[in-house]
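Protein chains in written order, with the working numbering: chain A, 104 to 541; chain B, 506 to 818. Working notes for the structure below.
In structure tokens, the structure reads:
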């Protein structure tokens with residue numbers, strides 16, 4: 104298989120060297136842990152503990168609020184201190200369970216499965232559902248829903264999203280380097296659900312070591328292969344990844360399953376394996392603390408619920424003045440005004456920059472250069488869409504296919520006039536979709 | 506609560522490209538043909554070049570002062586307009602007429618429509634056409650030093666034989682910056698390598714034009730004739746530096762192709778059947794007017810959307 108890719112995209116400075124060679128370190132939380140009830144797409148979870156209750160590590164503290172929802176588990180043993188709104192990465196206040204850790208890490212007992220192949224389809228999906236597994240790449244879509252398409256026999260590709268195209272992030276890279284067996288095992292579990300599918304690991308070619316490792320591990324797996332992808336942002340975008348691997352194109356009205364595909368992030372597959380094999384719910388995740396303002400960039404195995412400030416402290420704090428902190432990658436992450444927010448199932452990184460590149464430039468008039476058109480992976484005309492958005496022209500916005508935007512931010516990145524194109528287009532997309540729901 | 510940090514919507518990083526850097530690349534790309542023009546036509550050319558640049562930059566600055574807008578002369582676009590205007594003028598033009606052209610380009614064609622990015626017509630070419638109408642005799646007087654006056658295109662119209670080698674190098678009569686095909690192509694290659702322009706517009710422009718003159722030119726497929734037509738007049742300068750002007754060309758990929766086709770046909774029409782031997786300037790500003798229509802019919806189909814009626818497999 105040659106090097107695969109999609110049309111459009113950009114090449115931002117990747118910054119991965121800061122943290123890519125730092126092995127994952129476990130970081131024990133110190134104080135209280137915060138578990139927002141909404142850390143996935145779908146209905147918020149409902150708390151099943153009360154203030155004052157003692158909980159164990161691995162104990163369910165909130166149950167799924169519907170089919171498209173996921174339960175939440177305590178990652179420490181301790182006492183429920185409060186159930187109240189707390190600030191999360193996107194800036195909202197979200198009802199959260201606050202647990203004071205007793206530092207003892209007393210854990211519930213899990214039931215291990217001897218031989219996964221004896222499990223039925225329903226049993227596997229139930230185990231994944233009951234472990235609270237959601238897409239850990241950032242979207243947080245409940246995995247059991249993704250694994251329950253209408254016609255499972257029509258699924259032809261299970262794609263492991265190993266692209267990690269966001270600059271600076273190295274958590275997926277560390278997982279592939281340190282526990283590739285679990286990734287392959289996770290793929291095996293999912294393939295068991297889809298008899299007609301083959302498993303493809305899509306890895307960007309800036310990670311040749313991962314490609315080599317995965318190729319060696321899957322040498323004797325007839326249903327798995329490794330696809331080398333061109334290093335280009337947003338190679339790990341779901342639609343772009345599906346196209347690169349299968350040459351099938353999906354739009355905003357379709358699900359990957361409509362093109363016979365299911366895409367799962369690296370860590371999601373690993374956690375799905377842990378859930379099915381060991382009965383372990385989702386309690387930890389791999390997290391990168393990096394950026395030019397951080398003293399010692401690191402990759403951590405973090406207990407979900409840990410405060411970002413503790414992670415920064417463990418990395419030696421700021422070495423110089425920090426202007427901007429971001430939860431997630433620089434292309435799609437959320438800028439934080441306050442660092443005191445908890446790690447959730449979908450948090451991947453804390454990025455600290457000494458410069459705010461956005462504030463450095465004053466937006467000027469569009470010169471119609473078309474760089475945004477060349478960069479848009481959805482083949483849209485971002486500069487025009489932003490114009491329509493600024494003027495509130497819903498119909499023309501839709502006519503120029505504004506709803507197909509995947510919000511990757513490539514247009515804003517390349518714009519020589521430094522116009523906040525993605526921001527205008529995203530805002531308008533929300534408005535148009537909201538108007539449609541009415 | 507601890508310190509507050511900067512927040513903004515994603516993405517949080519920006520490329521190093523800026524509008525003024527792009528303009529700087531265009532100026533650099535115009536240097537070969539500018540220098541050749543000065544070498545070919547002497548100090549008169551240099552004076553005209555400086556006069557139009559100064560007049561463009563000054564009129565932008567003054568206009569923005571008067572209407573209380575932030576000055577935008579630092580984006581270098583007025584310099585590009587001034588330089589392009591000079592390259593489109595005969596070296597013999599009286600300086601005051603050139604200055605008037607610069608004022609017209611900036612104030613009437615550019616600023617009146619809202620400034621950079623808003624004008625629908627290429628300012629330099631708009632001004633050139635204004636000068637052509639206002640000072641027809643001065644604008645078509647190409648007699649200077651060793652050149653007797655007839656441009657190669659005009660000579661060809663009169664049935665004379667032209668030296669295509671001279672035309673490639675640029676040792677002919679003409680406007681300051683249009684004569685040397687080689688100098689223009691060097692600049693164009695630089696712009697393509699720097700990613701400032703691509704071949705969609707120039708490529709379709711040239712191909713359409715060649716097909717048009719082969720069919721209707723009366724000389725059939727004659728290399729000498731085709732080369733002379735391509736190197737003669739403002740075609741080379743126009744196709745690489747003015748038809749590709751971002752602001753006044755379509756932004757849609759298929760629109761660029763259609764735009765190039767329009768340019769090729771119009772240039773062929775004007776050159777073969779028009780009153781002048783030259784037709785590039787008019788072809789470009791006429792096509793500029795078609796841009797909104799062209800964009801409307803070439804809205805790109807988004808990724809993953811299929812044509813109406815065609816089922817997705």
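All C-beta atoms, glycine included, are put in the ideal place defined by N, C-alpha and C.
Using C-beta distances below 6 Å, list every residue in its chain close to residue i, excluding the 5 sequence neighbours before and after it, in chain order.
{"i": "residue 256 (chain A)", "result": "299"}
{"i": "residue 622 (chain B)", "result": "752"}
{"i": "residue 230 (chain A)", "result": "378 and 379"}
{"i": "residue 800 (chain B)", "result": "755, 757 and 760"}
{"i": "residue 224 (chain A)", "result": "296"}
{"i": "residue 782 (chain B)", "result": "658, 659 and 662"}
Which same chain residues end up closer than 7 Å to residue i when comparing Cβ atoms and leaving out the 5 residues on each side of it in sequence?
{"i": "residue 282 (chain A)", "result": "373"}
{"i": "residue 178 (chain A)", "result": "136, 160, 386, 387, 406, 407 and 408"}
{"i": "residue 151 (chain A)", "result": "163, 164, 165 and 166"}
{"i": "residue 442 (chain A)", "result": "411, 412, 415 and 428"}
{"i": "residue 691 (chain B)", "result": "537"}
So with Cβ pairs under 9 Å, would you call residue i a contact of chain B?
{"i": "residue 187 (chain A)", "result": "no"}
{"i": "residue 376 (chain A)", "result": "no"}
{"i": "residue 359 (chain A)", "result": "no"}
{"i": "residue 486 (chain A)", "result": "yes"}
{"i": "residue 115 (chain A)", "result": "yes"}
With a threshold of 9 Å between beta carbons, is residue i in contact with chain A?
{"i": "residue 807 (chain B)", "result": "yes"}
{"i": "residue 573 (chain B)", "result": "no"}
{"i": "residue 776 (chain B)", "result": "no"}
{"i": "residue 710 (chain B)", "result": "no"}
{"i": "residue 623 (chain B)", "result": "yes"}
{"i": "residue 815 (chain B)", "result": "Confidence at residue 815 (chain B) is low in this model, with a pLDDT of 49, below 50, so its placement is unreliable and the value that follows should be read with caution. Judged by the 9 Å Cβ criterion, residue 815 (chain B) is not in contact with chain A."}
{"i": "residue 792 (chain B)", "result": "no"}
{"i": "residue 512 (chain B)", "result": "yes"}
{"i": "residue 582 (chain B)", "result": "yes"}
{"i": "residue 649 (chain B)", "result": "no"}
{"i": "residue 527 (chain B)", "result": "yes"}
{"i": "residue 633 (chain B)", "result": "no"}
{"i": "residue 757 (chain B)", "result": "yes"}
{"i": "residue 524 (chain B)", "result": "yes"}
Using DSSP's beta-bridge definition, name the partner residues of residue i.
{"i": "residue 430 (chain A)", "result": "A:437 and A:453"}
{"i": "residue 223 (chain A)", "result": "For residue 223 (chain A), which the question treats as bridged, DSSP gives no partner whatsoever."}
{"i": "residue 559 (chain B)", "result": "Note: residue 559 (chain B) sits in no beta bridge, so no partner."}
{"i": "residue 199 (chain A)", "result": "A:139 and A:187"}
{"i": "residue 404 (chain A)", "result": "A:129 and A:389"}
{"i": "residue 304 (chain A)", "result": "A:263 and A:329"}
{"i": "residue 535 (chain A)", "result": "Note: residue 535 (chain A) sits in no beta bridge, so no partner."}
Given a threshold of 16 other Cβ atoms within 10 Å of its Cβ, counted over all protein chains shown, does residue i qualify as buried or as exposed?
{"i": "residue 153 (chain A)", "result": "exposed"}
{"i": "residue 503 (chain A)", "result": "buried"}
{"i": "residue 536 (chain A)", "result": "exposed"}
{"i": "residue 220 (chain A)", "result": "exposed"}
{"i": "residue 638 (chain B)", "result": "exposed"}
{"i": "residue 494 (chain A)", "result": "exposed"}
{"i": "residue 367 (chain A)", "result": "buried"}
{"i": "residue 117 (chain A)", "result": "buried"}
{"i": "residue 805 (chain B)", "result": "buried"}
{"i": "residue 588 (chain B)", "result": "buried"}
{"i": "residue 573 (chain B)", "result": "exposed"}
{"i": "residue 104 (chain A)", "result": "Because the pLDDT at residue 104 (chain A) is just 46, under 50, the model does not fix this residue reliably, and the value given afterwards should be weighed accordingly. Classification for residue 104 (chain A): exposed."}
{"i": "residue 650 (chain B)", "result": "exposed"}
{"i": "residue 729 (chain B)", "result": "exposed"}
{"i": "residue 790 (chain B)", "result": "buried"}
Assuming the contact rule is C-beta atoms closer than 8 Å, residue i and residue j should be a hit. Round their C-beta distance to whole Å, please.
{"i": "residue 577 (chain B)", "j": "residue 620 (chain B)", "result": "7 Å"}
{"i": "residue 696 (chain B)", "j": "residue 530 (chain B)", "result": "6 Å"}
{"i": "residue 389 (chain A)", "j": "residue 127 (chain A)", "result": "6 Å"}
{"i": "residue 628 (chain B)", "j": "residue 604 (chain B)", "result": "With 8 Å as the limit, residue 628 (chain B) and residue 604 (chain B) do not qualify as a contact, their Cβ atoms being about 15 Å apart."}
{"i": "residue 327 (chain A)", "j": "residue 290 (chain A)", "result": "6 Å"}
{"i": "residue 521 (chain A)", "j": "residue 466 (chain A)", "result": "5 Å"}
{"i": "residue 145 (chain A)", "j": "residue 169 (chain A)", "result": "6 Å"}
{"i": "residue 453 (chain A)", "j": "residue 392 (chain A)", "result": "5 Å"}
{"i": "residue 515 (chain B)", "j": "residue 519 (chain A)", "result": "Contact flag wrong, Cβ pair sits at about 19 Å."}
{"i": "residue 199 (chain A)", "j": "residue 140 (chain A)", "result": "6 Å"}
{"i": "residue 115 (chain A)", "j": "residue 270 (chain A)", "result": "5 Å"}
Among the residues of its own chain, which have a CB less than 8 Å from the CB of residue i, if the five just before and after it don't count?
{"i": "residue 705 (chain B)", "result": "758, 761, 762 and 765"}
{"i": "residue 480 (chain A)", "result": "109, 110, 111, 112, 337, 340, 342, 343, 509, 511 and 513"}
{"i": "residue 570 (chain B)", "result": "576"}
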